[in-house]
Structure formats: C-alpha cells, structure tokens
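A.B. asks: Numbering (the numbering used here), first residue to last: 5 to 624.
1. Cutting at 6 Å between CB atoms, please list the residues of its own chain near residue 268, excluding the five before and the five after it.
2. Starting from residue 83, follow its DSSP beta bridges and name the residues at the other end.
3. Going by beta-carbon coordinates alone, are residue 589 and residue 612 separated by less than 8 Å?
4. Measure how close the beta-carbons of residue 84 and residue 121 come, nearest whole angstrom, since I'm counting them as under 8 Å.
5. Using 8 Å as the limit for Cβ to Cβ distance, is residue 142 near chain B?
6. DSSP three-state label for residue 348, please.
7. Could you pull the DSSP bridge partners for residue 115 from this structure?
8. Considering only residues of the stretch 296-341, which uninterrupted alpha helix (DSSP H) runs meet the minimum length of 4 residues and lie entirely inside it, listed in chain order?
9. Between residue 565 and residue 547, how many whole angstroms is the CB-CB distance? I'm expecting something under 8 Å.
10. Could you compute how far the alpha carbon of residue 40 sits from the alpha carbon of residue 496?
11. Rounded to the nearest angstrom, what separates residue 258 and residue 308 at their Cα positions?
12. Straight-line CA distance for residue 554 to residue 168?
13. Is it right to say residue 242 is buried, meaning 16 or more other beta carbons lie within 10 angstroms of its own, or is it exposed?
14. Please name the residue or residues paired with residue 219 in a DSSP beta bridge.
15. Output the boundary residues of the alpha helix (DSSP H) element that contains residue 37.
16. Can you find at least 3 beta carbon pairs, one from the stretch 173-180 and one from the stretch 137-149, that sit closer than 8 Å?
17. Taking the C-alpha atoms as reference points, what is the distance between residue 377 and residue 87?
18. Taking the alpha-carbon of residue 90 as reference, which of 69, 115, 72 has the nearest alpha-carbon?
19. Whole angstroms is fine: what's the gap from residue 569's alpha carbon to residue 542's?
20. Please name the residue in 235, 302, 279, 8 whose C-alpha comes closest to that of residue 270.
21. Report the rounded CA-to-CA distance for residue 430 versus residue 442, giving the unit in angstroms.
22. Residue 54 to residue 62, Cα distance in whole Å?
23. Just verifying my parser: in three-state terms, what is the DSSP assignment at residue 544?
24. Start and end of the alpha helix (DSSP H) containing residue 508?
25. Under the assumption that residue 300 contacts residue 325 (Cβ atoms under 8 Å), give the Cβ distance between them as a whole number of angstroms.
26. List the endpoints of the continuous beta strand (DSSP E) containing residue 251.
27. Are the stretch 250-257 and the stretch 346-355 touching, with three or more C-beta to C-beta distances below 8 Å?
28. Should residue 609 and residue 574 be called a contact, given that it needs their Cβ atoms to be closer than 8 Å?
29. Pull up the DSSP beta-bridge partners for residue 610, would you.
30. Where does the unbroken alpha helix (DSSP H) through residue 604 begin, and where does it stop?
31. Report the residue from 138, 315, 128 whose alpha carbon sits nearest the alpha carbon of residue 67.
32. Along the chain, where does the alpha helix (DSSP H) containing residue 288 start, and where does it finish?
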C-alpha cells in the first residue's frame, strides 16, 4: 500500500516485492438502497441468470422458496418468534436509522440478515412504532439519533473531532432520516402480515380421517437463504382429535457450524455421529405423506423443511401447513406475544424443554385445545393437501440420535488413560521437568480436544522428561484443579465454565468433577493475567461459531470479541487463510468451513474459553 486518499476514499496498492500481494484487512463496503431493491426483485422473479453454476441455481431456488414461504412477496413485516421481523429492503444507512428509531422507543431490535427483528411486539404494534418514529407527523432529529449510537469512532481521524462534531459526522455519514421516512411511507402502501389466519387453502375435507404432523426444527440460523440447516427435527403425529399417535425426533449433522449453541443447546460433538437429513429421508417422507403439517410460527419451520426436502430431491413445496401461533390468536391464549411458553402458561402447562420434540409437544397441545373447541373443520390449511400417492417413496432410514445429558460425567476411561497404561513409561526420576510437560499440555489441550497424534506426543514428552504413569495422572489432575480454581475466583462456577471443565476432564480422563468442584482451594490467589497474555501480540486471529462466554456480565458478541482481541495486540481477520495464526472455536467440535480450512492449513486452534484466559480477559 503506497497511498491513502481520505478525501476520495481511495487506497493505492502495488504488487509487493517478491511477487506476493500484501495482506489487506479491510471489511465489506456499505450497501446502497439499489442493491437491496435489486435483491428483492431477484427473489420475486422467476428468471435465472445464464452465468450461474448448478450450485448457485439450487441456492437461488431455495431462497425464492423461503421468500414466498415467509410471505415476503406480499408483506414487509411478518410475525416472527412471538414478535416481528421487518424487511425494509433498503441500504445500510436507512436500515441503521430505522433500527435506532425503534430502539429509541424502548424496543430491543436486532439486525438479522436483511431483517430488523423486534421480538417483543406483534406486527401491528411495530407498524405503530415505525409510524411514530418516521411517519408523516414525525420530525426525527438525526443528531439526536446519532447520540444513541454506541460506537461513534469508526474512522481513524474521529479521535480528533470534538463530541458535537463527531455526532454531526455520524448523522450525515451513517444515517439517512429522509430515506427512513420514505421506507415507512412505502410500508404503509405495502402493508404487513396480520396475526389473523387467512383462508388460503380452505377447510379440511374427510375430517375424521385427517391426521396432523406437528413439526419443530432447531436450526443453525434464521434464514434458509444463508445456507443454514436443520440440526434437530421432531415429527409428532396426531389424529383429528389431537391425540398423539407417533413421536419421532433426531439430531442431524448439518455439515457446517452449528450457529447459536447458546439458543438451541446443541454441541458439535453431539451431531458428529448423527444422521444427515438425506439419511432419514424415508422416515420423514413416510410421516409427512398425506398429512397436514402443523408448527408454531409455521413459516419458519416450513421454509427449512421444504429446503431440506429440495436438497434431497423431493419437490413438494409449498407444504400444507397450519400455524399454531395463528390458532392461539383465535383461542385468545398467549397474550399479544403468543410465544410457545406464553401459550403453555395460558393452557396451564409446564414450559416445554427447549428441544425440537419439547416444542413440538407444546405446539401439539395448542392444536389439541383448538380441535377440542372448534374441530378440524375450523383449521384453515395454507397450501394444498397432497395425498399419500403424490409423495415419493424413499427407503433411506437411519438410526436416530438423541441429545446428550448436559454436562455428562466423563467416561471412566478416556483414550489418554488407555494410552498411559499401555505406554512403557520409565520409572519417575528426581528432578523430572514437570513444568516443561505442563507447557506442552497447555498448548495441546487449548482446543479442548486430543487427537491420536497429540495423545502420542504427550506420552512421548512424558517419557522424555522422566515422568512416570502416576506422575502423569497427578499432573493432569493438578492442571484441571488449576482451571477449577480460576473458575472459582468469583465464588461460583458458571454453566459455561462447567461445560469447559468437563471437556478438559473428559480429554484428560479425570473424573469425579463434582467432588473436585467442592474441594476447598485458594481460588482468590489465582490470577487470570498470566505471563502468556502477551504471547499472541502481533498475530492474526479469526473467530468461528456463535460465541458463548460472557464478559462484564454481557454475552460476548463478535464486535466485542474483535475489540478485546485488537486491544490485546492481535489483528482480527474475517475468514481463514494461510496467513491466519489462530482460529478461536466457540465449539471445540465445530464443523464450520473455517474449522475445516484451519485443519487443512495447519492453523493453531484454541477453544474460546482458553483464548480469553491466555490473553488475560476475564470471562465466565
């Protein structure tokens, strides 16, 4: 890089000496309104560009299916997870301005892809909020809105500006009040999805023979178009009276990162040996064929199920669906939010365990209440009911995989324990270099996994340093006790810390963790700011997965992680390349594309908890 022209926003680069192009750490540019407008036109259209390859054509088709399944061809605001999702289809500046206006009125809002998700209020109330903020009678002050932005300093010269000038810079460069008012005016014309069910498919025929399949999906993310997948699927079959006839559920291997593990509670280690969707296609088709599908917030589950079926070559979209969120509205249960937990409370039922089967059983309870009051003839089905003979017959079936109990006790014999017993370790000698072994152990276990090569290396290191079998077991126990003492520094072991300790204990073959947690120890003397905290200064790091640690009482966001790592002297990169020094794993068993590339390139892997510990950041 030889020149930076701030005024023209131009960076001049030339090839580096030796033929290597210098690394550039810049991020993506700002999206203009026209980009999002064209994006929506593509979703609405039917044509396929000739230059798209086969994979891109499949993804485009899946995206268009999801677009219509969510009703986005007709509405900009749709019901979503007990709240609303607003798709303004505007550029970054207008979208950011709309988000600030919603937040300024006391509502939490999150940017999810193209949408602004407001989880606490239904569509009609969100329309009112937007009208108050940016409607014809509103006169929003861009400088005042800029004052609600958390991070004003985004350019290297911003530290030179006084606070008032910095606010005005943000108001003019990052916000667009005029565009936000125009977006709300367009919303008034386009409208939003109502919470009342519409007769799109008519009432059921042959009521007594009707069977329902209540479905629920846990997924890697919110949007099918972003290549997210199902990681847990439950199918619960009921008759026309709402009585359960069959239960079926399984974890699924998505062949990608699992996304928000803090939401669905599923870890990569649990799905490593789970079937893929195609492996259980026969089980799924057999249960869906000829039946009416039911789900809570049906657009979400419908889009994902149709996408997975399409991937496997089964084209039955749109599937016939009944939405229990809409049934809840007619039953007058669940309040204005109509979340599953709210509906269960209204029906006097215990809150469902957060799993696909637990949520499906809760939705089935809503369906049963509705059928008891109105009968199946009142259940309006969206989509055409397909007879069993219209469904493909597929023989692919596989053994289902259930969830593992949380924090299950490590197996009594780990791979390392077996290897220690088989190894011909020499008798322990005086002066054995235990400190050197602990350094090797720390480096080896920092990703919370031990593969066969690492196991052999640990044994070889112990033999070289003169550590016998009993000494090795003692050192492993001491190392785990050290981590427990660090976790107990604030007086308690959080769920996240407990899970991390179990991972280490399982890898090292150390059991009786609950007893070890209760042992007295001088936790206050253990410092998190170790001498290793400067080891990574000047190195490059990349993060993968939904981070689960908490820092200063708040969940670690990717933005906060980037700021903390940068402050510690590291450079954060958005993707894994051969120039990346470290990959921080939110889940040690991650199957993300980043993790696969890191293995391929030989990038050093570190578990999230271990990384923060190593750079002296206190997390829980």
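Quick reminder that beta carbons are idealized off the backbone N, C-alpha and C, glycines included.
C.D. replies: According to the structure shown:
1. Translated into the one-based positions of the chain shown, residue 268 becomes position 264. Excluding positions up to five away in sequence, the list reads 222.
2. The sequence position of residue 83 within the chain shown is 79, counting from 1. Answer is 88.
3. Against the chain shown, residue 589 aligns to sequence position 585. Against the chain shown, residue 612 aligns to sequence position 608. Contact flag set, yes.
4. Taking the first residue of the chain shown as 1, we reach residue 84 at position 80. Taking the first residue of the chain shown as 1, we reach residue 121 at position 117. So it is a contact: roughly 6 Å between Cβ atoms.
5. Within the model displayed, chain B is absent; a lone protein chain is all it includes.
6. By 1-based counting over the chain shown, the position of residue 348 is 344. DSSP places residue 348 in helix when its eight states are reduced to three.
7. As a first step, residue 115 is located in the chain shown; it is residue number 111 there, counting from the start. Bridge partners of residue 115: 120.
8. 302-315, 328-335
9. Numbered from its first residue, the chain shown carries residue 565 at position 561. Numbered from its first residue, the chain shown carries residue 547 at position 543. Sure, about 6 Å apart at Cβ, within 8 Å.
10. To locate residue 40, count along the chain shown from 1; it is residue 36. To locate residue 496, count along the chain shown from 1; it is residue 492. Between residue 40 and residue 496, the C-alpha separation is close to 48 Å.
11. Against the chain shown, residue 258 aligns to sequence position 254. Against the chain shown, residue 308 aligns to sequence position 304. In a straight line, the C-alpha of residue 258 is about 12 Å away from that of residue 308.
12. For this step, residue 554 is matched to residue 550 along the chain shown. For this step, residue 168 is matched to residue 164 along the chain shown. Distance between the alpha carbons of residue 554 and residue 168: 33 Å.
13. Against the chain shown, residue 242 aligns to sequence position 238. Residue 242 comes out buried.
14. Position 215 of the chain shown holds residue 219. According to DSSP, which records beta bridges pairwise, residue 219 is partnered with 239.
15. Stepping through the chain shown from its first residue, residue 37 is reached at position 33. It spans 37-48 - the alpha helix (DSSP H) in which residue 37 sits, taken as one unbroken run.
16. yes
17. Locating residue 377 in the chain shown gives position 373, counting from the first residue. Locating residue 87 in the chain shown gives position 83, counting from the first residue. Rounded to whole angstroms, residue 377 to residue 87 spans 26 Å at the Cα level.
18. Position 86 of the chain shown, counted from the start, is the residue given in the question as residue 90. Ranking the options by Cα distance to residue 90, first place goes to 115.
19. Here residue 569 refers to the residue found at position 565 of the chain shown. Here residue 542 refers to the residue found at position 538 of the chain shown. Looking at the two C-alpha atoms, the distance is approximately 11 Å.
20. One-based indexing of the chain shown puts residue 270 at position 266. Per the Cα distances, 235.
21. In the chain shown, the residue the question calls residue 430 occupies position 426. In the chain shown, the residue the question calls residue 442 occupies position 438. Because residue 430 carries a pLDDT of 47, less than 50, the predicted location of this residue cannot be relied on, and the following value inherits that uncertainty. Roughly 18 Å separates the two Cα atoms.
22. The residue you call residue 54 lines up with position 50 of the chain shown. The residue you call residue 62 lines up with position 58 of the chain shown. Roughly 13 Å between the two C-alpha positions.
23. As a working mapping, residue 544 is identified with position 540 in the chain shown. Residue 544 falls in the strand class under three-state DSSP.
24. Reading the chain shown from its first residue, position 504 is the one you call residue 508. From DSSP, the alpha helix (DSSP H) with residue 508 extends over 499-512.
25. Numbered from 1 along the chain shown, position 296 holds the residue referred to as residue 300. Numbered from 1 along the chain shown, position 321 holds the residue referred to as residue 325. Not really, about 11 Å apart at Cβ, beyond 8 Å.
26. Your numbering for residue 251 matches position 247 in the chain shown. First-last of the beta strand (DSSP E) with residue 251: 248-255.
27. no
28. Within the chain shown, numbered from 1, the residue matching residue 609 stands at position 605. Within the chain shown, numbered from 1, the residue matching residue 574 stands at position 570. Their beta carbons are not under 8 Å apart, which means residue 609 does not touch residue 574 by this criterion.
29. As a first step, residue 610 is located in the chain shown; it is residue number 606 there, counting from the start. Looking at the DSSP assignment, residue 610 forms a beta bridge with 588.
30. Indexing the chain shown from 1 puts residue 604 at position 600. Run containing residue 604: 597-605, per the alpha helix (DSSP H) assignment.
31. Translated into positions along the chain shown, residue 67 becomes position 63. Measuring from the Cα of residue 67, the nearest candidate turns out to be 315.
32. To locate residue 288, count along the chain shown from 1; it is residue 284. Note, residue 288: alpha helix (DSSP H), 285-292.
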